[in-house]
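**Student:**
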Amino acid sequence: MGIIRTALLTTAWGVTGGVASVGAGMAYLAATTTLVDLTKNDPMFKTKTYAQYNPKGNPALQDVVIKRVPLRKIRPELRDDEKALTLEFCRGVWSRWGFWPQSKFHERYDKPPGTENYLWHTSDLAVAKYEPGLKFSNHFEVVNNEGNEIVVRCGGSPLEPGLRNSDGLVVLSAKIDKEAQQAEFSLKSALFSSAAPFVEGAEHPIPPKIKFLHQWYVRMLVQSAMRNVKA
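As structure tokens, then:
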């Protein structure tokens with residue numbers, strides 16, 4: 259978890275610039291995004307993808323960030339196309355200011371041999387199609403793309419295709435509600451240890467400090483992505 263903690267701290271500090279800015283930024287994110295825990299009945303946990311990467315059903319830190327935007331504020335060409343809207347949202351999550359510091363951190367300090375064909379620059383992530391098999395920043399791999407839902411495996415490196423001590427899935431989607439005249443963006447995440455033995459009644463292995471950083475970081479990623487989808 260050490261490198262994840264460092265990357266998250268680098269991002270938070272790099273984006274906000276200091277203690278006072280951190281406080282103001284957190285207040286803004288809390289007011290403009292919603293974060294709730296995912297229940298065990300969420301469709302995410304019933305998918306083949308989730309079963310493939312967490313086959314033992316180990317406990318996870320699981321939550322979702324939701325952001326709702328009036329349709330009139332969405333780019334006109336995206337207002338009737340959930341697939342295109344999801345892709346632009348996904349591109350925004352990984353190419354805007356929320357992820358930029360972490361991408362630079364990994365490029366400089368975490369670029370082992372065998373990752374030469376991965377994407378490392380946010381300029382490339384801004385135009386990627388996020389098809390299954392895309393790998394970036396040595397800790398992310400697209401494992402499913404159904405158009406209006408894109409699933410990214412995170413945690414360990416794609417160089418470790420099997421079970422991992424540090425593992426997880428991020429699910430990005432966008433929905434258009436014509437009746438309510440709004441677009442709803444969501445970033446679901448589940449962080450777990452797929453390699454650990456299953457223990458009945460055990461809790462997820464994420465330390466409290468990492469949980470705290472994670473919950474603000476995912477809000478930041480969603481908020482930063484709005485520049486990609488707004489008119």
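Residue numbers (our numbering): 259 to 489.
No residue lacks a Cβ here, since even glycine has one placed at the ideal position from N, Cα and C.
Per DSSP, what kind of secondary structure is alanine 494 in: helix, strand or coil?
**Tutor:** The structure shown does not extend to residue 494, since the chain is modelled only from 259 to 489, so the question has no answer here.
**Student:** With a CB to CB cut of under 8 Å and the five nearest residues on each side skipped, what residues in its chain are close to threonine 307?
**Tutor:** For threonine 307, where only same-chain residues beyond five positions count, the Cβ hits under 8 Å are Val401, Asn402, Val409 and Leu427.
**Student:** Quick one: which unbroken alpha helix (DSSP H) runs of 4-plus residues sit fully inside the stretch 380-405? Chain order, please.
**Tutor:** Here the runs fully enclosed are 380-383.
**Student:** Check for me: the beta strand (DSSP E) holding isoleucine 434 runs from which residue to which?
**Tutor:** 425-435
**Student:** Kindly list the residues whose CB is nearer than 6 Å to the CB of proline 334, restricted to its own chain and excluding five residues on each side of it in sequence; keep chain order.
**Tutor:** none
**Student:** Starting from glutamate 442 and walking both ways along the beta strand (DSSP E), at which residues does that stretch end?
**Tutor:** 440-450
**Student:** Taking just the CA atoms, how far does methionine 284 sit from proline 455?
**Tutor:** 36 Å
**Student:** Assign glutamine 360 to one of two classes, buried (16 or more other C-beta atoms within 10 Å of its C-beta) or exposed (fewer than that).
**Tutor:** Looking at its Cβ environment, which holds 16 or more other Cβ atoms inside 10 Å, glutamine 360 is buried.
**Student:** Excluding the 5 residues preceding and the 5 following threonine 305 in the sequence, name in chain order all residues of the same chain whose CB lies nearer than 6 Å to its CB.
**Tutor:** none
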